[in-house]
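Notes to accompany the following structure.
There are 4 protein chains.
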Amino acid sequence: MIVAMQEAATEEQIQSVIERMVELGFNVHRTTGAQQTILAGVGTPAHFDVHEFQVCSGVHEAYRISSPYKLAGRSFRPEGTIVRFANGVSIGGDEVVVMAGPCSVESREQILLSAQQVAASGAKFLRGGAFKPRSSPYSFQGMGLEGLKLLREVGDITGLLVISEVMEISQIELMLPYVDCFQVGARNMQNFNLLRELGYVRKPVLLKRGIAATIEEVLLSAEYILAGGNYDLVLCERGIRTFETYTRNTMDISAIPVLKKLTHLPVVADPSHGVGRRDMVPAMAFASVAAGADGLLMEMHPNPEKAFSDGAQSLFPQQLDKLMDGLRALAPVVGRYIAKPAYAL
Amino acid sequence: MIVAMQEAATEEQIQSVIERMVELGFNVHRTTGAQQTILAGVGTPAHFDVHEFQVCSGVHEAYRISSPYKLAGRSFRPEGTIVRFANGVSIGGDEVVVMAGPCSVESREQILLSAQQVAASGAKFLRGGAFKPRSSPYSFQGMGLEGLKLLREVGDITGLLVISEVMEISQIELMLPYVDCFQVGARNMQNFNLLRELGYVRKPVLLKRGIAATIEEVLLSAEYILAGGNYDLVLCERGIRTFETYTRNTMDISAIPVLKKLTHLPVVADPSHGVGRRDMVPAMAFASVAAGADGLLMEMHPNPEKAFSDGAQSLFPQQLDKLMDGLRALAPVVGRYIAKPAYAL
Amino acid sequence: MIVAMQEAATEEQIQSVIERMVELGFNVHRTTGAQQTILAGVGTPAHFDVHEFQVCSGVHEAYRISSPYKLAGRSFRPEGTIVRFANGVSIGGDEVVVMAGPCSVESREQILLSAQQVAASGAKFLRGGAFKPRSSPYSFQGMGLEGLKLLREVGDITGLLVISEVMEISQIELMLPYVDCFQVGARNMQNFNLLRELGYVRKPVLLKRGIAATIEEVLLSAEYILAGGNYDLVLCERGIRTFETYTRNTMDISAIPVLKKLTHLPVVADPSHGVGRRDMVPAMAFASVAAGADGLLMEMHPNPEKAFSDGAQSLFPQQLDKLMDGLRALAPVVGRYIAKPAYAL
Amino acid sequence: MIVAMQEAATEEQIQSVIERMVELGFNVHRTTGAQQTILAGVGTPAHFDVHEFQVCSGVHEAYRISSPYKLAGRSFRPEGTIVRFANGVSIGGDEVVVMAGPCSVESREQILLSAQQVAASGAKFLRGGAFKPRSSPYSFQGMGLEGLKLLREVGDITGLLVISEVMEISQIELMLPYVDCFQVGARNMQNFNLLRELGYVRKPVLLKRGIAATIEEVLLSAEYILAGGNYDLVLCERGIRTFETYTRNTMDISAIPVLKKLTHLPVVADPSHGVGRRDMVPAMAFASVAAGADGLLMEMHPNPEKAFSDGAQSLFPQQLDKLMDGLRALAPVVGRYIAKPAYAL
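Here the protein sequences line up with chains U, P, A and V, keeping their order.
In terms of the numbering used here, the first sequence opens at residue 6 and continues consecutively.
In terms of the numbering used here, the second sequence opens at residue 6 and continues consecutively.
In terms of the numbering used here, the third sequence opens at residue 6 and continues consecutively.
In terms of the numbering used here, the fourth sequence opens at residue 6 and continues consecutively.
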């Protein structure tokens with residue numbers, strides 16, 4: 006930590022700050038300039054809050070120096086993490102892995118058709134929500150356990166891995182037999198109790214960035230899961246809230262290369278939530294892969310105009326096919342590949 | 006719902022939109038202008054997503070018209086809601102109710118002293134966190150059940166009501182015997198499962214605005230609680246995230262009068278989280294009451310510089326005293342009052 | 006400046022950073038910790054860009070320490086600045102000074118009536134725009150020089166000072182004979198050429214915060230004007246752009262006490278632009294004064310529903326009267342006053 | 006315009022709104038629902054402000070329906086605009102046009118070397134600032150006219166077109182002989198007087214999005230230039246301000262496909278300002294082209310670590326070369342091309 010004192014700070018104020026730093030466990034190096042005194046705290050005490058110093062009398066500004074995350078930092082695994090799944094698929098390697106499917110599981114017919122279309126496009130994961138508490142209490146709330154079973158069944162039929170969102174601790178046990186990857190939604194990115202439990206699970210987790218979360222906060226949330234011993238973690242950029250209203254969110258494409266620099270964890274992108282309009286999803290999927298994403302998470306529905314939820318941002322099946330063809334051409338330009346579909350309708 | 010077609014929309018596109026609106030349960034009134042066709046959907050179907058229409062071909066823009074919340078709307082109780090507590094205190098009436106206390110319960114000694122100081126200032130509620138999962142997994146995480154018991158004990162000693170944060174469904178039962186009001190934190194504002202359960206509880210709830218939540222989203226979250234039958238609900242503005250970094254958040258004081266207009270629920274303000282710096286808390290507390298807040302939620306610590314958490318935004322006891330004196334003078338200017346302290350140190 | 010090196014930084018990288026710091030004119034103090042090296046640059050070179058260091062190889066983070074503004078800083082005039090006007094009115098003293106009037110001068114009749122109503126309410130300044138380039142090229146663009154003359158005429162009739170917006174350098178000369186204070190609008194807060202010229206003028210300037218400007222950027226813009234020798238400068242908070250859309254902007258009330266702490270310049274608030282809806286203006290005017298504003302800038306129109314521009318946020322004359330009465334009661338609570346009107350209709 | 010009345014609106018309130026709509030020039034169609042009355046205003050009066058209706062008594066919400074821009078709308082030129090330059094280069098066609106160069110012209114030697122490196126990379130435009138008012142009055146302010154002459158000279162030597170920023174009306178005449186394209190910076194996007202004058206010029210203009218400007222506001226500003234008769238207009242996404250601080254701005258890549266949908270004007274991207282860090286520029290340049298950008302504007306400096314301004318975001322010459330090679334491979338995937346360099350060092 007660095008504390009820069011005000012020009013007018015008294016020696017008493019300076020001593021008081023030094024004392025508190027020492028008390029917290031810092032070794033303090035003092036630099037006395039002609040105008041300003043600077044205190045460098047060396048060492049990394051377990052407990053300290055840089056904001057505490059910002060309001061101390063005589064302090065101009067205080068800066069935490071060490072990253073507040075450790076296990077998530079790039080230097081912990083400079084070579085990068087590859088998250089491996091049951092059927093040989095892995096995220097973080099050369100393949101750009103696509104996950105697609107409807108927002109919600111609505112019926113066996115709907116999710117089976119979805120799975121077939123997703124598999125035929127060359128995607129590797131089927132996504133679909135079973136628990137769907139929505140912003141309005143009057144909207145469709147999901148099929149629950151029945152939805153999970155359907156996801157597993159149609160995933161197995163089509164050879165797709167299954168990813169679905171977990172929303173509270175009690176759902177973890179329930180979901181374990183049915184999913185290949187837990188998805189933590191944007192609204193739960195700072196549900197630390199849930200994150201801690203997921204750290205104890207031995208199944209991969211995909212953690213979405215919160216709508217108002219800084220990149221550093223994403224990494225702190227990742228730290229919770231890693232600290233429990235679960236290293237099979239994938240991060241996901243899915244748009245942040247800004248003043249622009251034409252798109253549902255503003256997709257922060259730069260978060261992809263920034264995260265790739267700061268952490269060893271794989272990074273995928275969700276252009277469906279990123280923009281919230283299916284007409285903009287293909288361009289943003291292209292941009293994500295061009296910027297270095299390790300994978301994509303996208304909504305597709307056999308009949309988006311009849312979807313129970315998120316229809317506006319769900320691709321038509323033929324749009325997904327066309328997009329996958331384009332991405333298959335794009336990936337090699339950035340040193341990656343997308344395999345041809347192994348499944349045919 | 007209103008759908009404005011593009012100038013170049015074809016009759017086929019218009020018919021397709023009308024068909025979908027009718028299918029959803031709208032009666033459609035068509036206005037054909039020289040340049041543009043406008044479709045007004047009358048009626049309020051249970052299920053519809055305005056975004057679906059925004060991406061239909063031929064559509065220029067679509068607007069939901071009816072509020073997506075009903076029980077939370079002002080028109081549901083034009084006279085306003087007053088939330089009444091055990092000892093005669095009520096929020097939403099003429100009194101401006103102050104809630105104060107430390108971020109976390111740290112020890113019996115600390116919370117007892119806090120309660121005494123809070124009571125002596127004239128505040129009516131003791132706040133304090135028992136469950137404190139923090140953004141870093143390496144920070145202090147709270148005293149749990151032991152903390153709840155201490156809150157109750159010292160609350161009873163000093164005649165204060167107790168408010169504490171609930172973070173997951175499993176904590177509700179645990180907390181019920183000890184708190185007078187459940188607090189839902191900003192990060193859980195859209196934890197809809199938790200909100201739904203709190204709707205079934207017969208104890209007041211204080212719901213904080215999420216860091217990136219619009220005012221409409223606050224009201225939708227309130228609707229979840231009201232829909233369960235719990236009408237003893239208080240809303241709380243506590244700052245939103247913007248580009249400004251000098252303050253921890255940007256406190257949206259205008260949300261106070263806006264909420265007072267849109268809903269019948271009482272509205273309190275949390276200047277501590279709103280600005281995150283104790284030197285700015287008094288000015289923001291003043292501003293909140295001047296703008297019509299029904300109460301204040303503030304952090305105070307007997308020794309903020311030694312606080313386990315949020316010390317930077319916690320008032321010194323003597324600051325709280327002085328602030329309460331100022332607020333007691335201010336309240337009558339806006340037709341409210343703050344009672345003199347009934348407790349003395 | 007402080008440069009914190011990465012844990013893995015090589016000695017060569019460290020030396021390269023030190024070299025560059027010395028080249029820029031810093032004296033460098035090196036702190037070598039067990040994990041991390043920290044370089045403190047003492048001295049304040051005229052030219053340096055902290056971002057340059059943030060992308061140097063081996064650098065973890067770099068922090069500018071010294072404020073980039075000097076003349077605007079509180080320590081330059083700890084006692085505060087009072088800006089004095091022709092007729093004895095001053096901003097920054099004990100009086101809360103109110104400036105009111107229509108968005109635009111529309112006709113002699115309209116501006117005369119406005120001035121009479123403004124004066125009768127007890128406000129001290131008449132505001133009104135003569136040059137009104139609007140966001141749409143098809144909207145009303147202002148009366149120009151004719152508008153300025155009318156402002157002066159009716160200001161003199163009613164004993165009000167006149168404030169009006171200057172938008173480009175060429176207008177300064179034109180406006181000088183007619184206004185008592187130049188207003189720089191939010192869109193021009195970083196029009197540095199204009200600011201520099203206003204620094205050479207010997208007439209007070211009111212500088213509005215830009216819609217996306219940080220508080221530090223406001224102070225840097227102030228520095229431009231002060232650097233030219235014009236110390237009669239007043240700052241104005243008028244709302245920033247956030248994700249919230251119910252209000253036109255989000256008024257950052259906390260900017261008022263923050264600016265009062267960081268600078269010696271007086272700070273006024275513009276609730277009309279801050280919220281953009283007349284029904285919320287009174288509450289925000291109250292909040293501004295309660296938070297320590299030295300004055301208010303508000304829109305009022307004799308007939309807001311017929312206003313050429315900004316009618317939605319313009320108060321009715323009787324609303325202004327009532328609001329002034331309320332503010333007159335509020336001001337003493339924060340140690341200020343608002344004089345009774347000296348003019349009667 | 007659509008006005009949705011409140012459920013409780015009285016007939017008198019409804020009549021008053023209808024009256025005002027008719028007065029403004031609308032034909033009003035009334036839809037009386039069981040719960041709510043909706044008024045559709047048909048026709049497009051020159052003067053009206055939708056906000057005026059939002060605060061009328063009895064009104065629930067009001068929506069402008071027609072786009073406030075006309076000439077900038079896609080329907081005005083559905084086939085798209087191609088802006089053609091002197092030497093056969095055109096923006097908006099199949100070629101992705103790259104513009105590169107230093108932030109500021111610093112000396113003849115620096116700008117000549119820059120131009121040679123830019124030309125050798127295959128870029129078509131040399132960018133460089135001659136007028137550089139900076140956020141601090143104490144920073145380097147540019148070489149002025151001398152800088153313009155140097156840009157022209159080295160542009161001619163290397164066969165590059167020249168683009169430079171214009172900051173006020175008086176500079177237009179001065180710059181006309183030296184530049185091939187005027188650049189309007191983010192801070193001037195709503196300097197409507199300047200935009201209007203540029204509408205009368207017969208030379209292409211590149212208009213950057215403001216740091217807090219919505220996409221609609223970009224198009225309204227474009228409208229100012231088009232309304233003057235200058236159709237040689239290129240738009241530029243360059244990042245918006247959000248809460249994220251790791252990058253200087255958050256580059257809104259989705260603005261590229263959105264603008265391509267809403268307007269006929271070409272759209273280029275400036276990843277240098279978009280992220281503000283050279284290590285992220287290549288990924289964002291890739292993303293921009295993948296998302297459909299018609300060109301790129303980037304900062305490159307022969308020696309970024311010695312640059313007078315914006316060094317942190319300026320590419321090294323060899324980085325630009327490598328990036329251009331990558332982009333040349335990427336462009337065909339999205340149906341575009343980048344020509345090989347015609348100039349060799």
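We treat Cβ as the ideally placed atom computed from N, Cα and C, and that holds for glycine.
As the structure is a prediction and not an experimental result, all values here were calculated from the model.
I'd like to know whether the C-beta atoms of residue 273 of chain A and residue 88 of chain A end up nearer to each other than 8 Å. On the third sequence, residue 273 of chain A is found 268 positions in, with the first residue counted as 1. On the third sequence, residue 88 of chain A is found 83 positions in, with the first residue counted as 1. Taking 8 Å as the cut-off, the Cβ atoms of residue 273 of chain A and residue 88 of chain A do not count as close.
Is any beta-carbon of chain U found at less than 8 Å from that of residue 80 of chain V? Here residue 80 of chain V corresponds to residue number 75 of the fourth sequence, with the count starting at 1. By this cut-off, residue 80 of chain V is not an interface position.
Can you list, in chain order, the residues of its chain whose CB lies under 8 Å from that of residue 179 of chain P, leaving out five sequence neighbours each side? Start at 1 with the first residue of the second sequence, and residue 179 of chain P comes out as number 174. These residues qualify, in order along the chain: 150, 153.
Work out the CA separation of residue 79 of chain V and residue 85 of chain V for me, nearest whole Å. Position 80 of the fourth sequence, counted from the first residue, corresponds to residue 85 of chain V. Position 74 of the fourth sequence, counted from the first residue, corresponds to residue 79 of chain V. Rounded to whole angstroms, residue 85 of chain V to residue 79 of chain V spans 7 Å at the Cα level.
Determine whether the Cβ of residue 126 of chain P lies closer than 8 Å to any Cβ atom of chain A. In the second sequence, counting from the first residue as 1, residue 126 of chain P sits at position 121. For residue 126 of chain P, the answer is no, since every Cβ of chain A falls outside 8 Å of its Cβ.
With a Cβ-Cβ cutoff of 8 Å, do residue 104 of chain U and residue 302 of chain U count as a contact? If you number the first sequence from 1, residue 104 of chain U lands on position 99. If you number the first sequence from 1, residue 302 of chain U lands on position 297. Result yes, Cβ atoms of residue 104 of chain U and residue 302 of chain U sit closer than 8 Å.
Residue interval of the beta strand (DSSP E) (run including residue 198 of chain U): Position 193 of the first sequence holds residue 198 of chain U. Under the DSSP assignment, residue 198 of chain U falls outside any beta strand (DSSP E), being part of the alpha helix (DSSP H) whose first and last residues are 197-205.
Grab me the residues of residue 317 of chain P's own chain with a C-beta within less than 8 Å of its C-beta, minus the 5 sequence neighbours each way, in chain order. Your numbering for residue 317 of chain P matches position 312 in the second sequence. Excluding positions up to five away in sequence, the list reads 281, 282, 283, 309.
When the distance is taken between beta carbons, is residue 278 of chain V closer than 8 Å to residue 119 of chain V? On the fourth sequence, position 114 is the one that residue 119 of chain V refers to. On the fourth sequence, position 273 is the one that residue 278 of chain V refers to. No, the pair does not count as a contact, with Cβ atoms beyond the cut-off.
What whole-angstrom Cβ distance do residue 203 of chain P and residue 189 of chain P have, given they're in contact under 8 Å? Residue numbering aside, residue 203 of chain P sits at position 198 when the second sequence is read from its first letter. Residue numbering aside, residue 189 of chain P sits at position 184 when the second sequence is read from its first letter. Right, their Cβ atoms sit about 7 Å apart.
Reference residue 352 of chain A, options U:11, U:164, U:6, closest by Cα: Because chain A is modelled from 6 through 350, residue 352 of chain A falls outside the range shown and cannot be assessed.
I need the boundaries of the alpha helix (DSSP H) containing residue 291 of chain V, first residue and last residue. Sequence index remark: in the fourth sequence, residue 291 of chain V carries index 286 (1-based). Segment 286-295, the alpha helix (DSSP H) holding residue 291 of chain V.
Which residues does DSSP pair with residue 213 of chain A in a beta bridge? Your numbering for residue 213 of chain A matches position 208 in the third sequence. DSSP, once it has assigned bridges, lists A:241 as partnering residue 213 of chain A.
What's the gap between the Cα of residue 173 of chain V and the Cα of residue 199 of chain V? Within the fourth sequence, numbered from 1, the residue matching residue 173 of chain V stands at position 168. Within the fourth sequence, numbered from 1, the residue matching residue 199 of chain V stands at position 194. Answer to the nearest angstrom: the Cα atoms are 6 Å apart.
List the DSSP bridge partners of residue 132 of chain P. The count along the second sequence starts at 1 and reaches residue 132 of chain P at position 127. The partner list for residue 132 of chain P (beta bridge, DSSP) reads P:168.
Within the region 222-278 of chain U, ranges of the beta strand (DSSP E) (whole runs, at least 3 residues): Whole beta strand (DSSP E) segments, 3+ residues: 238-242, 272-274.
Can you confirm whether the region 90-97 of chain V touches the region 40-47 of chain V when touching is taken to mean that 3 or more C-beta pairs between the two stretches lie within less than 8 Å? no
Between which two residues does the alpha helix (DSSP H) holding residue 160 of chain V run? Within the fourth sequence, residue 160 of chain V is the residue found at index 155, counting from 1. Here the alpha helix (DSSP H) through residue 160 of chain V covers 150-163.
Beta-bridge pairing of residue 186 of chain V - partner residues as DSSP gives them: For this step, residue 186 of chain V is matched to residue 181 along the fourth sequence. Note: residue 186 of chain V sits in a beta bridge opposite V:168.
Are the beta-carbon atoms of residue 242 of chain U and residue 77 of chain U separated by less than 8 Å? As a first step, residue 242 of chain U must be located in the first sequence, where it is residue number 237. As a first step, residue 77 of chain U must be located in the first sequence, where it is residue number 72. No.
Starting from the Cα of residue 224 of chain P, find the closest Cα among P:269, P:207, P:249, P:256 and give me that residue. Residue mapping note: residue 224 of chain P aligns to position 219 of the second sequence, counting from 1. If we check each option's Cα against that of residue 224 of chain P, P:269 comes out closest.
What residues in the region 238-267 of chain P have a beta carbon less than 8 Å from any beta carbon of chain V? 246, 247, 248, 250
Closer than 8 Å, Cβ to any Cβ of chain P: which residues of the region 35-58 of chain V, in chain order? 36, 38, 39, 40, 41, 43, 45, 47, 48, 49
6 Å Cβ shell around residue 128 of chain P - same chain, five flanking residues per side excluded: For the purposes of this step, residue 128 of chain P is identified with residue 123 of the second sequence, where counting begins at 1. Hits under 6 Å: 103, 105.
Where do the ends of the alpha helix (DSSP H) carrying residue 35 of chain A lie? Residue numbering aside, residue 35 of chain A sits at position 30 when the third sequence is read from its first letter. That residue, residue 35 of chain A, is in no alpha helix (DSSP H); its beta strand (DSSP E) goes 32-37.
Kindly provide the ranges of any alpha helix (DSSP H) runs that are 4 or more residues long and lie completely inside the region 25-109 of chain A, ordered along the chain. Counting only runs of 4 or more, we get 55-59.
Can you check which of these residues, P:7, P:122, P:246, P:114, is closest to residue 217 of chain P by C-alpha distance? Here residue 217 of chain P refers to the residue found at position 212 of the second sequence. Nearest of P:7, P:122, P:246, P:114 to residue 217 of chain P, Cα basis: P:246.
Contact under 8 Å by Cβ, residue 295 of chain P with residue 181 of chain A: Taking the first residue of the second sequence as 1, we reach residue 295 of chain P at position 290. Taking the first residue of the third sequence as 1, we reach residue 181 of chain A at position 176. Contact annotation: residue 295 of chain P and residue 181 of chain A have beta-carbon atoms that are not nearer than 8 Å.
Once the 5 residues before and after residue 68 of chain P are set aside, which same chain residues still bring their CB inside 6 Å of it? Counted from its first residue, the second sequence places residue 68 of chain P at position 63. These residues qualify, in order along the chain: 7.
Report all residues from its chain with a CB closer than 8 Å to the CB of residue 183 of chain A; omit the five preceding and five following residues, and keep chain order. As a first step, residue 183 of chain A is located in the third sequence; it is residue number 178 there, counting from the start. Taken in chain order, the residues that qualify are 153, 154, 156, 157, 167, 169.
Quick one: which chain V residues come within Cβ less than 9 Å of residue 71 of chain P? To locate residue 71 of chain P, count along the second sequence from 1; it is residue 66. Near residue 71 of chain P (Cβ distances below 9 Å), the residues of chain V are 9, 12, 40, 41, 65.
What's the gap between the Cα of residue 123 of chain A and the Cα of residue 322 of chain A? For the purposes of this step, residue 123 of chain A is taken as the residue at position 118 of the third sequence. For the purposes of this step, residue 322 of chain A is taken as the residue at position 317 of the third sequence. Answer to the nearest angstrom: the Cα atoms are 8 Å apart.
With a threshold of 16 other CB atoms inside 10 Å of the CB of residue 261 of chain V, please say whether the residue is buried or exposed. Translated into the one-based positions of the fourth sequence, residue 261 of chain V becomes position 256. Answer is buried; the Cβ neighbour count reaches 16.
Alpha carbon of residue 342 of chain P to alpha carbon of residue 328 of chain P, nearest angstrom: Against the second sequence, residue 342 of chain P aligns to sequence position 337. Against the second sequence, residue 328 of chain P aligns to sequence position 323. Their backbone Cα atoms lie some 14 Å apart in a straight line.
Nearest-angstrom Cα separation, counted from residue 101 of chain A out to residue 300 of chain A: The count along the third sequence starts at 1 and reaches residue 300 of chain A at position 295. The count along the third sequence starts at 1 and reaches residue 101 of chain A at position 96. Whole-angstrom Cα-Cα distance: 5 Å.
Return the residue from the list A:219, A:250, A:233, A:111 that minimises the CA-CA distance to residue 254 of chain P. By one-based count along the second sequence, residue 254 of chain P stands at place 249. For residue 254 of chain P, the nearest C-alpha among the options comes from A:219.
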